[in-house]
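**Student:** Supplied in structure tokens, the structure appears directly below.
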Amino acid sequence: MTKKNKLLRIYKILDEYYGDLKWWPADGPFEVIVGAILTQNTNWRNVERAIDNLRLGNLLSPERLRRAKDKRIEELIKPCGYYRVKTRRLKTFLDFFFDEYEASFEAMFSAAWGELRKKLLMVKGIGEETADSILLYAGQKPVFVVDQYTKRLCSRHGLIDGNATYGEVQRFFMERLPADAALYNQYHALLVNAAKDFCKKTPRCSSCPLGKMAGRPKEDWTS
DNA sequence: TGCCAGGCCGGGT
DNA sequence: ACCCGGCATGGC
1 MTKKNKLLRI YKILDEYYGD LKWWPADGPF EVIVGAILTQ NTNWRNVERA IDNLRLGNLL
61 SPERLRRAKD KRIEELIKPC GYYRVKTRRL KTFLDFFFDE YEASFEAMFS AAWGELRKKL
121 LMVKGIGEET ADSILLYAGQ KPVFVVDQYT KRLCSRHGLI DGNATYGEVQ RFFMERLPAD
181 AALYNQYHAL LVNAAKDFCK KTPRCSSCPL GKMAGRPKED WTS
């Protein structure tokens with residue numbers, strides 16, 4: 001079996017198990033980006049509260065959020081933690097967004113995504129995962145997103161080395177899968193769900209839909 | 001009750 | 001090139 005087919009087979013198993021997870025389905029790009037920043041090292045549940053507060057405060061637009069006082073934003077996003085640094089990161093992104101693209105998402109996403117990725121990484125508060133989440137989930141660019149869940153599930157299943165870097169894990173997927181944003185979107189969501197359900201510190205491998213794959217030697221998966 | 005959650009930065013080796 | 005402390009709230 002080819003490398004590509006093995007990752008697609010994992011995908012198929014998880015996709016049939018979970019169905020279409022529809023991460024960030026109909027929210028506009030701005031809400032996606034706000035969520036990507038607010039969820040840094042934070043439970044999504046708490047992020048939902050913060051975003052709801054921003055919406056109720058009528059601040060879920062680039063123009064209004066940019067004008068809002070830091071103190072007001074801090075109060076609204078408090079539930080998701082790190083509220084001072086995250087307020088600063090939202091404002092810093094907005095400065096970039098207005099200065100470089102005149103607050104146009106179409107302009108921002110029109111360039112080649114590799115160039116946009118480099119620019120996003122220069123924005124204070126946007127690292128690799130946040131940049132890639134913006135590219136994939138807000139811009140529908142074919143960029144595979146990696147997080148702690150992805151790394152843990154992959155290393156538990158012998159797909160990657162436990163101390164592989166972000167770029168190494170990302171390349172592992174992107175070299176073996178077609179460059180398809182819809183596929184990457186669903187795949188990442190599936191990996192996160194599977195890791196949460198079966199791949200915690202006390203794993204539940206017996207009920208994992210990938211159970212038959214667990215514990216196999218690495219060569220079994222990457223050859 | 002402590003540990004963890006969809007990271008990132010800055011300063012130190 | 002890594003390694004670490006700081007950032008902060010809510011859930012189990």
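Residue 176 in the numbering used here sits at position 176 of the first sequence; the count goes up by one each step and never skips.
Glycine included, C-beta positions come from ideal geometry on N, C-alpha and C.
Because the structure is a prediction, the values reported are computed rather than measured.
Measure the beta-carbon distance from PRO142 to ALA103 and round it to whole angstroms, keeping in mind my assumption that it falls under 8 Å.
**Tutor:** The residue labelled residue 142 in the question sits at position 142 within the first sequence. The residue labelled residue 103 in the question sits at position 103 within the first sequence. About 25 Å separates the two Cβ atoms, so there is no contact after all.
**Student:** Does the stretch 36–56 come close enough to the stretch 7–20 to have 3 or more Cβ pairs within less than 8 Å?
**Tutor:** no
**Student:** State the DSSP-derived secondary structure class of TRP24, mapped to helix, strand or coil.
**Tutor:** To locate residue 24, count along the first sequence from 1; it is residue 24. DSSP places TRP24 in coil when its eight states are reduced to three.
**Student:** Would a C-beta distance cut-off of 9 Å place LEU136 and VAL145 closer than the cut-off?
**Tutor:** Locating residue 136 in the first sequence gives position 136, where the first residue counts as 1. Locating residue 145 in the first sequence gives position 145, where the first residue counts as 1. It is a contact, given that the beta carbons lie within the stated cut-off.
**Student:** Once you ignore the five residues that flank TRP207 on each side, which residues in its own chain have a CB closer than 8 Å to its CB?
**Tutor:** As a working mapping, residue 207 is identified with position 207 in the first sequence. Looking at the sequence shown, residue 207 is not Trp but Ser. Short of 8 Å from the beta carbon of SER207, and not among the five residues preceding or following it, lie these beta carbons of its own chain, in chain order: PHE198.
**Student:** How is SER206 classed by DSSP in three states: helix, strand or coil?
**Tutor:** Looking up residue 206 in the first sequence gives position 206. In this structure, SER206 counts as helix in the three-state DSSP scheme.
**Student:** In whole angstroms, what is the alpha-carbon distance linking VAL85 and TRP113?
**Tutor:** Stepping through the first sequence from its first residue, residue 85 is reached at position 85. Stepping through the first sequence from its first residue, residue 113 is reached at position 113. The straight-line gap from Cα to Cα measures roughly 27 Å.
**Student:** Using only CA atoms, which one of TYR149, ASN5 and ALA189 lies nearest to ASP15?
**Tutor:** Numbered from its first residue, the first sequence carries residue 15 at position 15. When each option's Cα is compared against that of ASP15, the closest is ALA189.
**Student:** Going along the chain, which residues of its own chain have a beta-carbon closer than 6 Å to the beta-carbon of THR222, five neighbours each way excluded?
**Tutor:** Translated into positions along the first sequence, residue 222 becomes position 222. Residue placement at THR222 cannot be trusted, given a pLDDT of 30 that sits under 50; what the coordinates show is reported in the next sentence. Nothing listed; no residue qualifies.
**Student:** To the nearest angstrom, how far is it from the Cα of LYS151 to the Cα of LEU60?
**Tutor:** Walking along the first sequence from the start, residue 151 turns up at place 151. Walking along the first sequence from the start, residue 60 turns up at place 60. Roughly 32 Å separates the two Cα atoms.
**Student:** Which first and last residues belong to the alpha helix (DSSP H) in which TYR166 is found?
**Tutor:** The residue labelled residue 166 in the question sits at position 166 within the first sequence. Counted as a single uninterrupted DSSP element, the alpha helix (DSSP H) harbouring TYR166 occupies residues 166–174.
**Student:** Skipping 5 residues on each side, what residues in its chain have a beta carbon closer than 7 Å to that of LEU94?
**Tutor:** Position 94 of the first sequence, counted from the first residue, corresponds to residue 94. If we look at LEU94 and ignore the five residues flanking it on each side, its Cβ neighbours are PRO62, LEU65 and ARG66.
**Student:** From TRP23, TYR82 and ASP147, pick the residue whose C-alpha is nearest to that of ALA181; which is it?
**Tutor:** Locating residue 181 in the first sequence gives position 181, where the first residue counts as 1. The candidate whose alpha carbon is nearest that of ALA181 is TRP23.
**Student:** Quick check: the Cα distance between LYS91 and ASN5, rounded to an integer number of angstroms?
**Tutor:** As a working mapping, residue 91 is identified with position 91 in the first sequence. As a working mapping, residue 5 is identified with position 5 in the first sequence. So the alpha carbons of these two residues sit roughly 43 Å apart.
**Student:** By DSSP, does ASN193 sit in helix, in strand, or in coil?
**Tutor:** For the purposes of this step, residue 193 is taken as residue 193 along the first sequence, with counting starting at 1. Helix at ASN193.
**Student:** Using the Cα positions of TYR83 and ILE73, report the straight-line distance between them to the nearest angstrom.
**Tutor:** Reading the first sequence from its first residue, position 83 is the one you call residue 83. Reading the first sequence from its first residue, position 73 is the one you call residue 73. Approximately 8 Å, taken between the alpha carbons.
**Student:** I'd like the ranges of any alpha helix (DSSP H) spanning at least 4 consecutive residues and lying wholly in the stretch 57–124.
**Tutor:** 62–67, 70–77, 83–101, 105–110 and 113–122
**Student:** Could you tell me the alpha carbon to alpha carbon distance between GLY81 and ASP132, rounded to whole angstroms?
**Tutor:** Taking the first residue of the first sequence as 1, we reach residue 81 at position 81. Taking the first residue of the first sequence as 1, we reach residue 132 at position 132. Each residue's Cα considered, the two are about 22 Å apart.
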